[in-house]
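Participant: For the protein sequence lines, the chains are G and A, in the order given.
Residue numbers for the first sequence follow our numbering, so the first one is 1279 and each next one is one higher.
Residue numbers for the second sequence follow our numbering, so the first one is 1279 and each next one is one higher.
Ideal placement from N, C-alpha and C gives every residue a C-beta, glycine not left out.
Protein chains: 2
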Amino acid sequence: MARLILRIELDSKVRIGEDAIRLLELVEAKGSISAAARTHGLTFRRAWTVLDEVNRMFKTPAIATQCGGIDGGGARLTDFGREIIDRYRAIESIATCLTADELSALEAAANGP
Amino acid sequence: MARLILRIELDSKVRIGEDAIRLLELVEAKGSISAAARTHGLTFRRAWTVLDEVNRMFKTPAIATQCGGIDGGGARLTDFGREIIDRYRAIESIATCLTADELSALEAAANGP
């Protein structure tokens, strides 16, 4: 079945999408940026850059790093970081459910895998 | 206001997004791939590649080129090409309207432009 991949563009023109959300989820699960990066198949540097962009995008940080440098003491999601994930996944779920007929029509017209 | 940017991933894992849709709209308006590319700020080669991907993605072509080579005789949207645009814009509009509360909440938490 065809699926929607969403990015959200804020007024400031910065965008947050599936990659950043998945990284936030992995930081929550793994407790460190390096473990999240490894699981997602990204370099630490790339993961750090994506998460730093998310932290700068909003008034409240999404990720808090503990002492020992950016990853030395681990990293955890803030309450606001959890809120971003929840809102993104809610948007994804609402959008996917309510456009299912249109998505099915496009899939029916598509060449197979 | 925050806005949604959508890509649709088909079962075959190919994706169609805003850039391709905008190019289809511009081919319809301008009647040639080169004029569409110029208006969208893309090279002809890049625009051709994007549109060729769309043509291969579905059982029916979205763009028909007239004699004189790929762009020598101009290009036009097929009925199916128009259908793709209509379905994408319908998905965008439904998804944006029905997730407006979540989008507003994210925008309210964002740093300004």
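At a Cβ threshold of 8 Å, is I1299(G) touching chain A?
Facilitator: No - not a single Cβ of chain A is within 8 Å of the one on I1299(G).
Participant: Output, in chain order, the set of chain G residues within a Cβ distance shorter than 9 Å of G1319(A).
Facilitator: Correct list: empty, because the minimum Cβ distance to chain G is about 16 Å.
Participant: Using a beta-carbon distance below 8 Å, is K1308(G) in contact with chain A?
Facilitator: No, K1308(G) does not count as interfacial toward chain A.
Participant: Hey, A1340(G) and V1332(G): beta-carbon distance below 8 Å or not?
Facilitator: Going by C-beta atoms, A1340(G) is nearer than 8 Å to V1332(G).
Participant: Is V1328(G) close to the ligand MN? I mean its beta-carbon at under 7 Å from any heavy atom of the ligand.
Facilitator: As far as ligands go, the structure on display features none, and thus does not contain the ligand MN.
Participant: Using a cut-off of 8 Å between C-beta atoms, extract the partners of A1280(A) located in chain G.
Facilitator: The answer, in chain order, is I1286, E1287, L1288, D1289.
Participant: Going along the chain, which residues of its own chain have a beta-carbon closer than 7 Å to the beta-carbon of T1321(G), five neighbours each way excluded?
Facilitator: Closer than 7 Å at the Cβ level, and outside the excluded window around T1321(G), lie A1315.
Participant: Mind checking who T1321(A) pairs with in its DSSP beta bridge?
Facilitator: Bridge partners of T1321(A): none, in fact.
Participant: Given a cut-off of 8 Å, decide if L1384(A) and A1253(A) are closer than it, judged by their beta-carbon atoms.
Facilitator: For chain A, the structure presents residues 1279 to 1391; residue 1253(A) sits outside this window and is missing.
Participant: When you compare the CB of P1391(G) with every CB in chain A, is at least one pair closer than 8 Å?
Facilitator: Closer than 8 Å to some Cβ of chain A, the Cβ of P1391(G) qualifies, so yes.
Participant: With a threshold of 8 Å between beta-carbons, can A1313(G) be considered close to chain A, or not?
Facilitator: For A1313(G), the answer is no, since every Cβ of chain A falls outside 8 Å of its Cβ.
Participant: For D1349(G) and A1313(G), I'd like the C-alpha separation in whole angstroms.
Facilitator: Because the pLDDT at D1349(G) is just 49, under 50, the model does not fix this residue reliably, and the point stays unresolved.
Participant: Determine the extent of the beta strand (DSSP E) in which N1295(A) is found, giving its start and end residues.
Facilitator: The sequence as given places Gly at residue 1295(A); Asn does not occur at that position. Element bounds for G1295(A): 1293-1295.
Participant: Any beta-carbon of chain A closer than 8 Å to the one on I1322(G)?
Facilitator: According to the sequence provided, residue 1322(G) is Phe. The question's Ile does not apply to it. Closer than 8 Å: no.
Participant: Closest by CA to E1380(G), which one among K1291(A), R1300(A), D1364(A)?
Facilitator: Cα-wise, what sits closest to E1380(G) is D1364(A).
Participant: Does the segment 1288-1299 of chain G come close enough to the segment 1292-1310 of chain A to have 3 or more Cβ pairs within less than 8 Å?
Facilitator: No: the two stretches stay apart, fewer than three of their Cβ pairs being nearer than 8 Å.
Participant: Taking the alpha-carbon of D1357(G) as reference, which of I1286(G), A1342(G), I1369(G) has the nearest alpha-carbon?
Facilitator: Checking every option, the nearest Cα to that of D1357(G) belongs to A1342(G).
Participant: Considering just the uninterrupted stretch of the alpha helix (DSSP H) at A1342(G), what are its terminal residues?
Facilitator: Element bounds for A1342(G): not the alpha helix (DSSP H) but the beta strand (DSSP E), 1341-1343.
Participant: Step through the CB atoms of chain A and report whether any lies within less than 8 Å of the CB of L1376(G).
Facilitator: With 8 Å as the cut-off, L1376(G) counts as an interface residue toward chain A.
Participant: Using DSSP bridges, identify the partner residues of E1287(A).
Facilitator: Looking at the DSSP assignment, E1287(A) forms a beta bridge with R1281(G), R1293(A).
Participant: For the beta strand (DSSP E) containing A1388(G), list its first residue and its last residue.
Facilitator: Where A1388(G) is concerned, there is no enclosing beta strand (DSSP E), given that its DSSP letter is neither H nor E.
Participant: Could you tell me which residues DSSP puts in a beta bridge with R1300(G)?
Facilitator: BP columns for R1300(G) are empty, so no partner.
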